[in-house]
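Protein chains in written order, with numbering that gives the first Met the number 0: chain A, 0 to 165; chain B, 0 to 732. Report on the structure given below.
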Amino acid sequence: MPTVDTFEDALDGLAVETTRLAPETFEETIAEVVTVPAVGTSLPVESVSLEDTAVLTDPSPAEIDTAITGVTGATLGIAEYGSVILPSTPAGDEAVSLFCDHHVVVIDGDDIVPDMPTAVGTMATTLADDRESAVIATGPSATADMGALVRGAHGPKTVHALVIES
Amino acid sequence: MSTDEKAAHIRRLLDTEGDSVQENTRVFNQGRYAAVEDLEDYEGLKDRARDIKEDAISRLPELIDELTETVEENGGHVYLASDAADANRYISEVAEKENAETLVKSKSMTSEEIDVNEALEAAGVEVYETDLGEFVLQVADESPSHIVGPAIHKSRREIADLFNSEFEPDEPLETAEELTMFAREYLGERVKEADIGMTGANFLVAENGTLLLVTSEGNARKSAVAPDTHIAVSGVEKILPNFEDLQPFIELIARSGTGQDLTSYLTLLTPPVSTPTLDFESDEPLSEADGDREFHLVLIDNGRMAMREDSELKETLYCIRCGACANVCANFQHVGGHAFGGETYSGGIATGWEAGVHGQESAEEFNDLCTGCSRCVNQCPVKIDIPWINEVVRDRINRGETSSEFDFLVEGLTPDAEPGGVSLQKRFFGNFGTVAKLGSATAPVSNWFAELPPSRWAMEKVLRIDSRRELPTFADETLQEWFLVREGLAPADADREVVLYPDTYTNYISPERGKAAVRTLEALDVRVVLPDLPESGRAPLSQGMLSTARQQAHETYAGLAEQLDASRDVIVVEPSDLAMFRGEYEKFLPEASFDRLSDASYEVLEYVYGLVANDSEKTDVLSGGPGRVAYHSHCQQRTMGLGEYTEALLEELGYDVLTSTVECCGMAGSFGYKSQYYELSMDVGYELEDEFERAGERDRTVLASGTSCTDQLDSLLERKPRHPVELIAPDTE
Ligand code: SF4
């Protein structure tokens, strides 16, 4: 799948590790990429679920505060930039993807679009029409304000993308 | 600020902040060049961005209404503040209603513009800047020196010293990593306990109420969603009609600013957001957390609606505050926003912003640091003619100055069309054509006289011409005088005819380059005519003497119209004059006249390149290599994309060409002569010197296309620079 290859390449350039996997191996992969304590939200990818993993879903703010890993899903990926669209949900996707040091993002390979115009077009009919919020996240948070590039300014220091291919 | 104070201020910044600013802006700049190269259709994206902005600003009142409606429909509040005080009053009231003790704030120039921190602190609210650059400045109690990288004037070492003395950590902080992690922890706590989060907005979408925040650190996300009250402050100009309109800006803003393809986070908030509020002490699952949120959008006019009515300042409202115009600017690279900035905004476009939101006096302080070199023009993602805005405001400042006691004297002596009040220094340089004419008519006496110590002293005292700068010498015989004598030598059956534009410098100061141009063209079977023509208006334009420039533009066009009627191409030696014909004349002349002249005008080597490109045998008549040359293309020539012709032609003729990569020579016409700017001009120039004086390059013949560059190179190097056409001209008389 060329789009996923492009996506993976772009993420590689952002120091984000990518794992492509079949839904059947999801639980064992999660066990490998997550450092506990881990918190998460329900995933927008139908074929997988965090239910039988060590990831605590529906966490409290205090649990988010102490967790090392946050696992959330992306509704869309942009291959050329390695960006993921993280929705802002009542389930707390925003907080879980932002406050933990390590962010594991789960995306369906079919939800990766080639470029920004396509992504903005899709978002216009989903997110914008429904007046929802989201963040286009590209790599871990970063800053150069202290005299050199440092990853993990306020948000996650590391990001790991799991691409579900069925 | 007096001239001397200004000189001292600039000198101090060159010494203290220059190195840091330079290093950082360079990284942004190089990043931008690389990042836009990856774009398939960079020009197309810029055009779309420009179109969207033009449309949005023209419909602004209607978009403000639409946005207000949608945000209110979504459950948020909108307040349209007329000025800073009004905005601050509203914000303080919200804080009071929320019983807020602390507020966390992400970086926003608009909030700097209204000085909201002071207002909040006066209302008893503690404000924490969460952007790490802004945090450094808050701790240091300093103002931003760049619209994108507010603390780029500080080195890592300085930040470490600052943090170590302010926070006295157990282990002294040293590396960028340590400093970042310290700030992350410290500010993370502030975010958790804050009652209100404040952000700016890079763009606002009218149709659905989305605001886009462009950040990399994640602090804007945290500030917006952790506390239960979010206040966003934004200038009214940031509204776009539709969500899709965001796309070109998303792809341009980071590239233009810091040279990244995208920043880490592009937050599309449509508040009040549905994400639960976060009380980090709570053990209740998120699904049971309170989802009640307050959102206030404070839309700030503060002069913007008036700018919209101002045909010249209006373009400023298209600005997306990416900072590209600052990063590419040689002067900015050396002194940063503490010299090249006003109360809030810095860099090329700051003149427009400051004049619009804080008034002309704020722009006056730094407006002259824009030399009109035009290097920023192609870098601006919304294609704003930044130098033009600087010239217009300069003109307005000139007009606002109170007349001096010398005005009657100067007005009698100078033929310009300016009212009283223009400084003597500006008037002198703006009327340089007249000075050159007189100087040349009385040379060599004038040259001898100008160099006499009492003359230099008077020039320094009255005109503030720096006595360390060598003055140009006027030629005894002007180019036109030379041409009259030899007119009969023109080729009898020429292929074509051109008119050579005798600019002030070529005519009175460096006729050699004009002579070389004539010989070259004639050798290529082109008949040259060289009529007496007025000045282009470049000199007064750069002093902000717009009426004089306009008048000269009309006269020059009138003088050239007959030549255009005769189907003659117009060949220009001085790139800054060609830039007038192809650029600023659009503002001065009727459209048809402008089109006609700009289509027929060529830079001399561009023209020669065109002549030989179709007929390679023609190169035989030119003086070819081998030879090693070091070439510095003029800034306006580079903006017009013309430097390549000279390079290609020289290579074609067998020369080994080293082209300078530095942004500028530092001279730009009168700038380097002025006492207040002499040192900055030289500081910028030293980089060009370094490039051409590197080991292994010192044997190269130095070439430069513009007179200012030639002047500057002349004072920097032992070798005498020449115009490229002098190198390739055939050895005929
Ligand atoms: S004027 Fe153009 S280049 Fe300068 S900050 Fe504004 S958008 Fe960027």
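All C-beta atoms in this analysis are idealised placements derived from N, C-alpha and C, irrespective of residue type, glycine included. The structure displayed is predicted, hence computed values, not measured ones.
State the start and end residues of the unbroken alpha helix (DSSP H) segment that holds M579 of chain B.
Element bounds for M579 of chain B: n/a, residue is neither H nor E.
From the beta carbon of V119 of chain A, is the nearest beta carbon of chain B less than 8 Å away?
yes
Which residues, taken in chain order from the region 471 to 482 of chain B, show a beta carbon closer than 7 Å to some beta carbon of chain A?
Legend: CB atoms of the region 471 to 482 of chain B lying less than 7 Å from CB atoms of chain A are not found in any residue.
Residue range of the alpha helix (DSSP H) that includes I388 of chain B:
I385 to G399
How about the region 89 to 96 of chain B and the region 128 to 137 of chain B: do they share at least three Cβ pairs that are nearer than 8 Å?
no
Please list, in chain order, the residues of the region 58 to 75 of chain A that have any C-beta partner in chain B closer than 7 Å.
P58, S59, P60, A61 and D64
Would E236 of chain B pass as a contact of R320 of chain B if the rule is Cβ separation under 8 Å?
no
Have a look at the DSSP bridge pairing and note the partners of L211 of chain B.
B:F202 and B:L267
Using CA atoms only, rank isn't needed, just tell me which of B:A7, B:L296, B:I252 and B:A305 is closest to A48 of chain B.
B:I252
Less than 8 Å between CB atoms is the rule here; does E216 of chain B satisfy it with respect to chain A?
yes
Thinking just about the alpha-carbon of each residue, which of A:S96, A:G39 and A:G81 is nearest to the one in K156 of chain A?
A:S96
Buried or exposed (CB count within 10 angstroms, at least 16 for buried), K5 of chain B:
Residue burial is scored here from C-beta neighbours: K5 of chain B has at least 16 other C-beta atoms within 10 angstroms and is therefore classed as buried.
Proximity test, Cβ basis, 8 Å: N207 of chain B and chain A:
yes
For N73 of chain B, which residues in chain A fall below 9 Å Cβ to Cβ?
The answer, in chain order, is R130.
Distance between E216 of chain B and A223 of chain B (C-alpha atoms, nearest Å)
13 Å
In chain order, what residues of the same chain lie with their CB nearer than 6 Å to the CB of E353 of chain B, ignoring the 5 residues before and after it?
So the list reads G341, Y344, S361 and A362, once near-sequence residues are dropped.
For chain A, find out if any of its Cβ atoms is closer than 8 Å to the Cβ of Q246 of chain B; answer yes or no.
So, interface residue.
Just to confirm before moving on: does the CB-CB distance between T69 of chain B and G290 of chain B stay below 8 Å?
no
Who are the neighbours of Y344 of chain B on chain A, taking C-beta pairs under 7 Å?
Chain A residues near Y344 of chain B: none, gap ~19 Å exceeds 7 Å.
Following a CB-centred definition, is R254 of chain B positioned closer than 7 Å to any heavy atom of the ligand SF4?
For R254 of chain B, the distance from the CB to the nearest heavy atom of the ligand SF4 is not below 7 Å.
Can you check whether the C-beta of R280 of chain B is within less than 8 Å of a C-beta belonging to chain A?
Reading off the sequence, residue 280 of chain B comes out as Glu, not Arg. With 8 Å as the cut-off, E280 of chain B counts as an interface residue toward chain A.
So, A329 of chain B versus G347 of chain B, is the Cβ gap smaller than 8 Å?
no
Do you know offhand how far E725 of chain B's Cα is from K153 of chain B's?
45 Å
Cut-off 6 Å between Cβ atoms - residues of its own chain near Y644 of chain B, not counting five sequence neighbours on either side
L604, E605 and Y608
Quick check: does the Cβ of R88 of chain B come within less than 7 Å of any heavy atom belonging to the ligand SF4?
Outside the cutoff, so no.
Interface flag, T129 of chain B vs chain A, CB-CB below 8 Å
yes
Taking 8 Å as the threshold (C-beta atoms), are C375 of chain B and A667 of chain B in contact?
no
Pull up the CB-CB distance for S46 of chain A and S263 of chain B, whole angstroms please, since I reckon it's below 8 Å.
About 28 Å separates the beta carbon of S46 of chain A from that of S263 of chain B, a gap too long to meet the 8 Å contact definition.
Pull up the distance between the alpha-carbon of T505 of chain B and that of D475 of chain B, whole angstroms please.
13 Å
So, is V484 of chain B buried or exposed, given that buried needs 16 or more other C-beta atoms within 10 angstroms?
exposed
Do you know offhand how far M306 of chain B's Cα is from E62 of chain A's?
50 Å
Can you list the alpha helix (DSSP H) stretches of 4 or more residues lying completely in the region 37 to 66 of chain B, in chain order?
Note on the region 37 to 66 of chain B: whole alpha helix (DSSP H) runs with a minimum of 4 residues are 41 to 57, in chain order.
Going by C-alpha to C-alpha distance, which of B:G642, B:S622, B:L621 and B:R567 sits closest to H631 of chain B?
B:G642
Under 9 Å from the C-beta of L267 of chain B: neighbouring residues of chain A
Residues of chain A passing the Cβ test: I84, S87, M122, L126, A127, E131, S132, A133, V134 and I135.
Is there a Cβ from chain A that is less than 8 Å from the Cβ of S402 of chain B?
At S402 of chain B the pLDDT is 49, less than 50, meaning the model places this residue with poor confidence and gives no usable figure here.
For the alpha helix (DSSP H) holding K96 of chain B, just list the boundary residues, first then last.
A83 to K96
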